[in-house]
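Before any comments, here is the structure.
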Amino acid sequence: MTDSYTFNTPIGFLTIREEEKKLTKLFWEANSVQTMKNELHSDFLYEVYTQVNEYLTGRRKQFDVPLKYQGTQFQQSVWQELQKIPYGETRSYQEIAAVIGNEKAVRAVGQANNKNPILLIIPCHRVIHKSGDISGFACGVEVKRYLLELEKGMRI
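For reference, each letter of the sequence shown is one residue, going 483 to 638 in the working numbering.
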């Protein structure tokens with residue numbers, strides 16, 4: 483069974499989607515109209531909702547929900563590496579490319595980040611340019627900066 487829920491957060495509206503008690507999507511919702519007709523029926527989605535809110539208020543550093551995502555083998559290898567980046571730390575696109583064994587795949591790492599189906603939990607916001615510049619995030623650069631500052635304890 484598939485179920486979803488859209489809710490408002492400090493970074494905007496987010497939608498979470500489950501399939502058979504596994505999180506399949508967590509994405510930024512540009513159109514919040516559907517939220518008005520939205521109800522939370524699933525205990526699993528309630529747990530995800532709770533954990534996301536705890537994270538966004540600085541009370542959670544790790545997520546504890548089973549994930550189910552689809553992508554190419556390369557994308558999945560990138561997403562698995564992203565999950566290893568500790569809370570409050572960042573990695574460069576180059577570092578991720580090197581760790582997965584293809585130092586020249588910097589742009590492909592960026593593209594895999596762009597296709598990340600489960601924002602926040604697969605923390606693509608923790609990947610920045612080698613120079614330290616912040617760019618490229620589904621919710622926008624300001625939200626990416628907000629999340630990085632939150633994790634460094636500069637916001638709450």
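Yeah, the Cβ is synthetic: ideal placement off N, Cα and C, and Gly gets one too.
query	result
Along the chain, where does the beta strand (DSSP E) containing G494 start, and where does it finish?	494 to 501
Return the chain-ordered list of same chain residues with a C-beta closer than 6 Å to the C-beta of T491, the five sequence neighbours on each side being excluded.	L538
Does I578 have its Cβ less than 8 Å from a Cβ in chain B?	Any reference to chain B falls outside this structure, which holds one protein chain only.
Decide if Q562 is buried, meaning its Cβ has at least 16 other Cβ atoms within 10 Å, or exposed.	exposed
When the Cα atoms are used, what is the spatial distance from I578 to D525?	35 Å
With a floor of 4 residues, list each alpha helix (DSSP H) that falls wholly inside the segment 505 to 543, ordered by position along the chain.	525 to 538
Could you tell me whether the Cβ atoms of T488 and E511 are closer together than 8 Å?	yes
Which residues in the same chain have their Cβ closer than 7 Å to the Cβ of V623, if we skip the five residues on either side of it in sequence?	I616, S617
Could you tell me if H607 is buried or exposed, where buried requires 16 or more neighbouring beta carbons within 10 angstroms of its beta carbon?	buried
According to DSSP, what are the bridge partners of S574?	I610
Kindly indicate which residue of G592, T497, D546, Q557 has the alpha-carbon position closest to the one of L522.	T497
Assuming G540 contacts L632 under a Cβ cut-off of 8 Å, what Cβ separation, rounded to an integer in Å, is found between them?	6 Å
Ordered along the chain, which non-local residues of its own chain (more than five positions away) have a Cβ less than 7 Å from that of K597?	G553, Q557
Taking the straight line between their C-alpha atoms, what separation do you get for G635 and Y569?	11 Å
Taking L505 as the reference, give the member of K543, F495, S486 with the closest Cα.	S486
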